[in-house]
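Numbering (the numbering used here), first residue to last: 1171 to 1386.
Following this line, the structure appears as structure tokens:
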């Protein structure tokens, strides 16, 4: 397959994976709403980096990567479930101890600084690293990209690089749109609503973790 066709296939595959609503998407929206657009975009780029790396592995290894992961699918799902549950519980504990508690009576409170926004964990670099690690904790995505790569019969470094680049570009574009929208929307809601959304997001992630574990 020529590099142009591989690039287009990568764009389609990357978008198809990125738009799926799951734990990472929920956490991304939460991060953008609470910490702002800049942190949200950084988090989205962390996800896109992991997707691009997964696609590169899939293009290089092809069906072998998918077969290897399939043979250890149960263990990978358990690890991913544990990681997501730990993230959700940690977030709920942090929210219960440091969330917004003051009653909101003035519309101007919607523009109040986000809780801990100046803290280290809310820096752009911190969000990038955190979401890169969260996405990397579930390498089963490689299996999806490997199936596509195998069906395309990618051959040569140029085609593989084009496929991985297409996946990364599509993932980055989608997550940029998602986090910018969520981050700017977060400027117009009150700290109490932000806190409620964060709690709801963490509970949803906990439910997804339980579903992963029970599916093993």
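Virtual Cβ for every residue (Gly too), placed ideally from N, Cα, C. As the structure is a computational prediction, the values presented were derived from the model and not from experiment.
Over what stretch of residues does the alpha helix (DSSP H) that includes residue i continue unbroken?
| i | result |
| --- | --- |
| residue 1304 | 1294-1306 |
| residue 1174 | 1173-1188 |
| residue 1376 | 1361-1384 |
| residue 1227 | 1207-1231 |
| residue 1336 | 1327-1355 |
| residue 1322 | 1311-1322 |
Quick check on residue i: buried or exposed, where buried means 16 or more other Cβ atoms within 10 Å of its Cβ?
| i | result |
| --- | --- |
| residue 1254 | buried |
| residue 1358 | exposed |
| residue 1347 | exposed |
| residue 1257 | buried |
| residue 1379 | buried |
| residue 1349 | buried |
| residue 1283 | Any reading at residue 1283 is ruled out, since the residue's pLDDT is 46, under 50, leaving its predicted position unreliable. |
| residue 1261 | buried |
| residue 1242 | exposed |
Using a threshold of 8 Å, state whether the C-beta atoms of residue i and residue j are closer than that.
| i | j | result |
| --- | --- | --- |
| residue 1198 | residue 1210 | yes |
| residue 1324 | residue 1330 | yes |
| residue 1297 | residue 1213 | yes |
| residue 1356 | residue 1202 | yes |
| residue 1328 | residue 1173 | yes |
| residue 1336 | residue 1184 | yes |
| residue 1126 | residue 1179 | Outside the modelled stretch of the chain, which goes from 1171 to 1386, sits residue 1126, for which no answer is possible. |
| residue 1251 | residue 1383 | yes |
| residue 1315 | residue 1225 | yes |
| residue 1263 | residue 1364 | no |
| residue 1300 | residue 1385 | no |
Quiz item: Would you call the stretch 1297-1305 and the stretch 1212-1222 touching, i.e. three or more CB-CB distances under 8 Å?
Solution: The answer is yes - the stretch 1212-1222 touches the stretch 1297-1305, with three or more Cβ pairs under 8 Å.
Self-check item: Sufficient close CB pairs (3 or more, under 8 Å) joining the stretch 1171-1189 to the stretch 1333-1345
Solution: yes
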